[in-house]
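Working notes, beginning with the structure itself.
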Amino acid sequence: MKVSRPTSIAPRRSRHCRRTVSSYSMRMVRDRASGFALVEVLVAIALVSLLMAAVYSAMSVYWTTATESFDEIERAQIARSLLREIARDIQSVTFVEQESTSSSEETDDEDVTVDADTALASYTNGLFGTSDDLVLYISRPDPSQSYISAQELLAPADRSSDSIIIRYLLSSAGGNGLSGLFAAQNTAASGSFSSDPVQGLAKMQGDLTGLSTAINQGNLDLQLAATSMLAPEVGAVSFQYFDGVDYFTEWDSTAQNAMPRAIVVELTLRSLPNPNSDKPIEQTPGYLPPTVHRLVVPIPVAKPYLEEMAF
């Protein structure tokens, strides 16, 4: 008969305790190995800071370059649009050569100085221009063909014929004549005050009969209503008149009984200040210095220059 021995429980418990302590120790070692030391955390923060600084610098350079490129493209588009419009108006000028007068009458005419306002009131032919003011007498049909009589003209948009007066001038605070009046009206309407007196390039356009009558009668409201701001980006404008040999800063086709062969138009475009920023315009991102855009406009109605001094 086989006698069974009692089973000992103590060894099993000791082995179980040893396994428990061993697994706990391994877990502690594993947890300690997966952590970071303070030096490692500081090094990681420093590397991340350097990386963020490099990314910020790259984005700042990209933003500045993109802004400058956008401003250059926008400025070039504004210059092309303005020069195209001015060239179209210049080449639409109508001129009829008058019969030659006597020498005494020519001498009397040479002593008379004419300004743009006088030309607008009395001339109906050709052009009158100075270095920064250009008056054109053009013929352009109305696309709507809605003509009315000269007695019914009430607004600058009304047309009694194909004949139009167009005037290009700088709107400047404190300027003479229409330039100063339009600048004052524009400042009062917008409520903006700037240290630069030049507000931009303005254009007056209206019916020949209506505007001439308004100027003769001293109707400033109709003249101001016919004037609009073309581009506040224009800080300066220059007109030169080429007769085939020399360049002049003034031209009066009525007094000279001739048209220039070409007109040189120069526009100086500038960056406009940000109204929401107190920084000077030179310190804003993407600032572009003023640029000059030039166009030579030939005049098809001009005759060849045949004076003896030209040969």
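Position 2 of the sequence shown, counting from 1, maps to 3 under the numbering used here, and the rest follow consecutively.
Note that beta-carbon positions come from the ideal geometry of N, C-alpha and C, so glycine has one too.
Local Cβ density within 10 Å of residue i, reported as buried at 16 or more and exposed below that
| i | result |
| --- | --- |
| L154 | buried |
| M53 | exposed |
| E234 | buried |
| F71 | exposed |
| T210 | buried |
| Q218 | exposed |
| V238 | buried |
| Q152 | exposed |
| A77 | exposed |
| A227 | buried |
| S180 | buried |
Contacts around residue i, its chain only, beta-carbon distance under 6 Å, and the 5 residues preceding and following it disregarded
| i | result |
| --- | --- |
| R295 | E267 |
| L39 | none |
| G178 | D118 |
DSSP three-state assignment for residue i, whether helix, strand or coil
| i | result |
| --- | --- |
| M230 | strand |
| I74 | helix |
| L137 | strand |
| D222 | helix |
| F249 | strand |
| R85 | helix |
| G130 | strand |
| L268 | strand |
| Y57 | helix |
| I165 | strand |
| F243 | strand |
| T292 | strand |
| A47 | helix |
C-alpha gap between residue i and residue j, whole angstroms
| i | j | result |
| --- | --- | --- |
| F129 | S173 | 20 Å |
| I264 | S61 | 44 Å |
| T125 | L212 | 11 Å |
| S229 | D222 | 13 Å |
| R262 | S278 | 46 Å |
| Y169 | A55 | 50 Å |
| I216 | G176 | 18 Å |
| I139 | D90 | 7 Å |
| D134 | L225 | 16 Å |
| Y148 | M205 | 20 Å |
| S272 | L43 | 46 Å |
| N1 | S58 | The question about residue 1 has no answer here: the residues shown for the chain are numbered 2 through 312. |
| L51 | E41 | 15 Å |
| D1 | F240 | Residue 1 lies beyond the stretch modelled for the chain, which goes from 2 to 312, so this question has no answer here. |
| S105 | A184 | Any reading at S105 needs caution, since the residue's pLDDT is 42, under 50, leaving its predicted position unreliable; the model's value is listed next. Computed Cα separation, rounded: 42 Å. |
| F249 | G236 | 22 Å |
| T188 | K280 | 22 Å |
| A45 | R81 | 54 Å |
| T214 | D159 | 13 Å |
| P144 | Q186 | 30 Å |
| S123 | E86 | 25 Å |
7 Å CB neighbourhood of residue i in its chain, flanking five on each side removed
| i | result |
| --- | --- |
| D253 | V115, F129 |
| Q99 | N258 |
| I74 | none |
| L182 | L221, L225 |
| T285 | N275, S278 |
CB of residue i within 8 Å of CB of residue j, strictly
| i | j | result |
| --- | --- | --- |
| P291 | I282 | no |
| P157 | G207 | yes |
| A232 | L83 | yes |
| L289 | I79 | no |
| I166 | L202 | no |
| V199 | L171 | yes |
| S161 | S150 | yes |
| V313 | A88 | Outside the shown range of the chain, which is 2 to 312, sits residue 313, and nothing can be said about it. |
Own chain residues within Cβ distance below 8 Å of residue i, not counting five before or after
| i | result |
| --- | --- |
| P301 | Q92 |
| M260 | V94, F96, G127, L128, S254, I300, V302, A303, K304 |
| E251 | G130, T131, S132, Y242 |
| S164 | T95, T125, Y138, I139, S140, D208, L209, T210 |
| M310 | Its pLDDT being 44, under 50, M310 is placed unreliably in this model, and the value from its coordinates should be taken loosely. Cβ within range, chain order: V246. |
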